[in-house]
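For the sequence shown, the positions run 14 to 554 when the working numbering is used. For every residue, glycine included, the Cβ atom is placed at its ideal position computed from N, Cα and C. Here is the structure we will look at, set down as structure tokens.
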Amino acid sequence: MDANTLLLPCSDGAVAGAVDFRGRPASRSGTGRWSAAMFVLGVEIAERFAYHGVSANLISYLTGPLGESTAGAAAAINAWSGVATMLPLLMACVADAWLGRYRTIVLASLLFVVSMGMLTVSALPAFHHDGCSSYASSSLACSPSPAQVGVFYVSLYLVALAEAGHKPCAQAFGADQFDQNDPKESVSRSSFFNWWYFGMCSGTAVTTMVSSYIQDNVGWGLGFGIPCLVMVFALLMFLLGTRNYRYYTSTESSPFARLARAFIALIKGSKSSQSDGTLASDDDAGHREEVKGVLRLFPIWATCIIYAVIFSQSSTFFTKQAATLDRRIGPTLRVPPAALQTFISVTIMVFIPVYDRAFVPLARRLTRLSSGITMLQRIGTGLVLALVAMVVAALVEMRRLGVARDAGLVDQPKAALPMSLWWMVPQYVLFGLSDVFAMIGLQEFFYDQVPDALRSLGLALFLSIFGVGHLFSSFIISAIDGATKKSGASWFSNNLNRAHLDYFYWLLAGLCAVELAAFVIVSRVYVYKKRVSHDNNDAVM
């Protein structure tokens, strides 16, 4: 499509700055809005199904068929997750500067299909040594072949690359289907972020239950193969919506290049003003405003890192803990350990409608804000809930260790403890409530508060919080494991009955308390780029 189309005056009923798939001014009635956003939401649900079909139970695969230690597997997962959530910074720039969001989503979806296919092949019996299979019941007795490990990790990091291309672009492209300058569509866009996360969690909930059960009870090859097929179907559905989408074509260069020029302009402007008091050009002034618009987000970004570290524990150590509990429901059903993560998604799915339809209208009456509470107030509430979740997790782990001692099962790590899985449900529910506030609040904040030309980069900055958090989690797990091993008792022992995950959770709770205090301080002085209403004060807490 021709970028010069954007320079033409919009006819009546056209959306300013947007074009349709033929490059013509986008009709307000014929493009965008919920009818188009639903196609984007569909491919996002499938992407969540595929990604969590790998990540939710990954620690069981690494400590089972691949034979890695608990600490090593947790560190490897956090490192992979960190890469998957840091790469969007680069891929968002590629999308904004060259490919466009639509093409990036298509290419990332294709890469998802290829990488998930490779992952499926790596788990097939042909890649195991003689006498081994990919079935969970026998995989623990098998050592992986070099070919299996090689193909597995190559495909795993290709999944990370696909995730990096898809993640910042899909949400930004979905939000693009609503005109922020139209009062009705602007309200729909604010609601879109809530329902977007609802859709994400529905995909996550289904795959956590279905894929983890198949992986634990049928086979890893089928468990990885089903998400691959789902992604193929979703890509076809996304392509069907091509005629309905609104496209925003930018003639600007890469956001990294824009920021580099902005930094140079900022330095030049500072030197110029100090030397001769001359005024900067309009372009330089614009670039300087852009870099200031990004830099002012850094204090909020930095004070959410520990939240991301806490977030990473639900798919690693929580799953290993759940594997030691009595997971029977009825006479025959035995719940897979990773399936407990479903409580996070279900909590989010239940509470998002409550938040959107009950909490926001009630808060709106008190605050006179269309969103009920400010974005930073929403994020801060999520941080408080994350702190409470870690305190609860530490107390539950202390009880689990006590049950193991009282039952004389300390040295029998494979034995199910006489402690129900329901003891762990509250921490998962608190994680879900925390996400409704903090996760969605962060998404909206980084989309809304960056300069308009850098929207994909803004969502990539949001994801980078979790990239740094995952990498930091990997680092501290490795560091603590090495330090505590010297005393003969690692906090992350393969025998969890002799480990001390409770100490680790108390450490995270303390760090979260410090982070929360810092967040309150920086949020009180933050000035929003856009006010929700004239009553929205600069201070938010």
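Burial state of residue i, where buried means 16 or more other Cβ atoms lie within 10 Å
i, result
"ASN230", "exposed"
"VAL126", "buried"
"GLY482", "buried"
"SER152", "Residue placement at SER152 is flagged as unreliable, the pLDDT there being 41, under the threshold of 50; the coordinate-derived value follows with that caveat. SER152 is buried by the Cβ-count criterion."
"VAL172", "buried"
"GLY45", "buried"
"LYS499", "exposed"
"TRP435", "exposed"
"ASP461", "buried"
"TRP111", "exposed"
"THR345", "exposed"
"GLU302", "exposed"
"ASP424", "exposed"
"ALA50", "buried"
"ARG468", "buried"
"ASP189", "buried"
"LYS180", "buried"
"SER327", "buried"
"VAL538", "exposed"
Residues that residue i bridges to, as DSSP identifies them
i, result
"ASP339", "SER433"
Backbone secondary structure at residue i - three-state DSSP
i, result
"GLY30", "strand"
"TYR539", "coil"
"LEU100", "coil"
"ALA428", "coil"
"TYR258", "coil"
"VAL463", "coil"
"LEU310", "coil"
"LEU509", "coil"
"VAL423", "coil"
"PHE331", "helix"
"LEU71", "helix"
"THR316", "coil"
"SER122", "helix"
"GLU528", "helix"
"ALA502", "coil"
"ALA136", "coil"
"GLY393", "helix"
"SER146", "Interpretation of SER146 is limited by its pLDDT of 48, a score under 50 that renders its predicted location unreliable; the figure taken from the coordinates is listed afterwards. SER146: coil per DSSP, three-state reduction."
"LEU474", "helix"
Backbone CA spacing between residue i and residue j [nearest angstrom]
i, j, result
"ILE534", "GLN193", "30 Å"
"PHE34", "LYS427", "57 Å"
"TYR166", "GLY26", "51 Å"
"ILE323", "SER94", "13 Å"
"GLN184", "ALA247", "15 Å"
"SER447", "TYR541", "23 Å"
"TRP504", "ILE90", "18 Å"
"SER491", "ARG341", "33 Å"
"ARG413", "MET432", "7 Å"
"LEU470", "GLY212", "22 Å"
"GLY445", "MET403", "13 Å"
"LEU124", "VAL527", "40 Å"
"VAL401", "ILE392", "15 Å"
"ALA429", "CYS317", "36 Å"
"VAL405", "TYR441", "10 Å"
"GLU457", "SER158", "45 Å"
"SER358", "SER204", "18 Å"
"SER384", "TRP208", "14 Å"
"ALA29", "ALA522", "48 Å"
"SER201", "THR380", "20 Å"
"LEU103", "ARG116", "15 Å"
"ALA59", "VAL409", "34 Å"
"MET250", "TYR258", "13 Å"
"LEU472", "GLU198", "20 Å"
"PHE62", "ALA84", "26 Å"
"ILE387", "ALA352", "The displayed chain sequence assigns Thr, not Ile, to residue 387. The straight-line gap from Cα to Cα measures roughly 34 Å."
"TRP233", "TRP47", "37 Å"
"GLY216", "GLY501", "42 Å"
Where the beta strand (DSSP E) containing residue i begins and where it ends
i, result
"SER40", "38 to 40"
Start-to-end residues for the alpha helix (DSSP H) that takes in residue i
i, result
"PRO349", "Taken as a continuous stretch (DSSP letters only), PRO349 belongs to no alpha helix (DSSP H), as it is neither H nor E."
"VAL359", "355 to 367"
"THR387", "Counting along the chain, THR387 falls outside any alpha helix (DSSP H), and DSSP gives it neither H nor E."
"PRO439", "438 to 447"
"LYS197", "196 to 230"
"HIS65", "46 to 68"
"ALA110", "Unbroken run through ALA110: none, as it is neither H nor E."
"GLY236", "233 to 253"
"ALA376", "373 to 380"
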